[in-house]
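Numbering (this note's numbering), first residue to last: 3 to 311. Every residue gets a Cβ at the ideal spot worked out from N, C-alpha and C, and that includes glycine. Remember, it's a predicted structure, so these values are computed and weren't measured experimentally.
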């Protein structure tokens with residue numbers, strides 16, 4: 003029972019770290035990023051690049067989706083402009099998963115100390131950098147905690163049965179990824195937990211990739227919730243995010259073994275294989291859809307206007 007309580011605490015620390023990091027980075031360039039997002043996304047390729055860059059900076063595709071839905075609601079963006087941003091944010095979110103594979107445990111405490119000291123410097127930039135460093139330190143502290151607890155947690159009968167079932171039923175692993183991400187509103191946490199179980203050999207790369215695919219669907223819940231009560235175009239933006247991720251995931255479910263093999267070609271480290279698989283999945287799906295952005299916009303409009311009628 004103690005292990006489960008600690009696991010929940012580490013999840014909270016991870017989420018808090020992500021929030022603190024996001025605040026620090028947003029304070030550094032938030033207003034300019036919002037203006038940039040609304041002005042330089044007149045074509046899908048530009049939207050793709052901007053979406054990837056801003057998501058990489060904010061370390062959260064959910065935050066970018068909420069921002070995008072808000073800009074559409076305010077009339078600063080049109081629905082067609084958001085397709086490139088959505089595709090870019092999917093790719094940008096993989097920066098976080100790659101970053102989480104670094105081993106920086108020895109820098110956690112120095113990071114917190116350095117971040118705290120920067121708060122005493124009477125400059126907003128220094129305070130923002132300090133905030134970001136503290137957030138990063140919290141994320142890596144939580145990741146270290148996940149690794150330490152993966153073994154004891156997997157010994158619980160329910161977790162043991164779930165892991166065993168996920169190894170044999172791909173769809174269950176995908177659904178688990180969806181559920182966990184939807185509950186905690188963070189695909190990064192889901193992937194971080196999967197990495198910790200991979201590092202302790204409690205989970206196969208195949209099942210972890212299936213969970214990662216599911217997390218791409220689960221993360222859509224935040225954008226959808228942000229669109230509730232908004233105008234029609236904002237809702238179309240949330241629907242587009244859901245459709246893109248659902249179609250991409252179900253297209254890749256039969257190709258998990260191939261994705262696993264391709265990721266293994268680059269590294270033997272299982273956690274890095276999962277991170278690379280996430281990058282490959284998001285880049286491939288985005289590159290395939292990007293040239294057909296206009297057709298995809300028409301598809302969303304036709305489907306959801308008919309459903310509304």
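| Check | Outcome |
| --- | --- |
| Taking the C-alpha atoms as reference points, what is the distance between residue 283 and residue 261? | 8 Å |
| Kindly give me the distance between the Cβ atoms of residue 95 and residue 139, rounded to whole angstroms, as I take these residues to be in contact under 8 Å. | Residue 95 to residue 139, Cβ: 21 Å. No contact. |
| Quick check on residue 297: buried or exposed, where buried means 16 or more other Cβ atoms within 10 Å of its Cβ? | exposed |
| Residue range of the alpha helix (DSSP H) that residue 162 falls in? | 159-170 |
| Residue ranges of each beta strand (DSSP E) run of no fewer than 3 residues wholly in the region 39-94, ordered along the chain? | none |
| Below 8 Å on the Cβ atoms is my contact criterion, and I expect residue 91 with residue 57 to pass it. Report the Cβ-Cβ distance as a whole number of Å. | 4 Å |
| With a CB to CB cut of under 6 Å and the five nearest residues on each side skipped, what residues in its chain are close to residue 187? | 224 |
| DSSP three-state call for residue 125: helix, strand or coil? | coil |
| Give a yes or no on whether the C-beta atoms belonging to residue 219 and residue 180 are separated by under 8 Å. | yes |
| Are the Cβ atoms of residue 151 and residue 200 separated by less than 8 Å? | no |
| If you run the structure through DSSP and keep just helix, strand and coil, what is residue 104? | coil |
| Any idea what DSSP makes of residue 243, helix, strand or coil? | helix |
| Near residue 134, what residues of its chain come up, given a Cβ to Cβ distance below 7 Å and the 5 sequence neighbours on each side ignored? | 23, 26 and 27 |
| Could you spell out where the alpha helix (DSSP H) holding residue 187 opens and where it closes? | From DSSP, residue 187 is part of no alpha helix (DSSP H); its letter is neither H nor E. |
| Looking at the secondary structure, which residues open and close the alpha helix (DSSP H) in which residue 288 lies? | 272-291 |
| Using only the alpha-carbon positions, how far apart do residue 301 and residue 278 sit? | 31 Å |
| Could you give the C-beta distance for residue 251 and residue 215, rounded to a whole number, given that I count them as a contact under 8 Å? | 5 Å |
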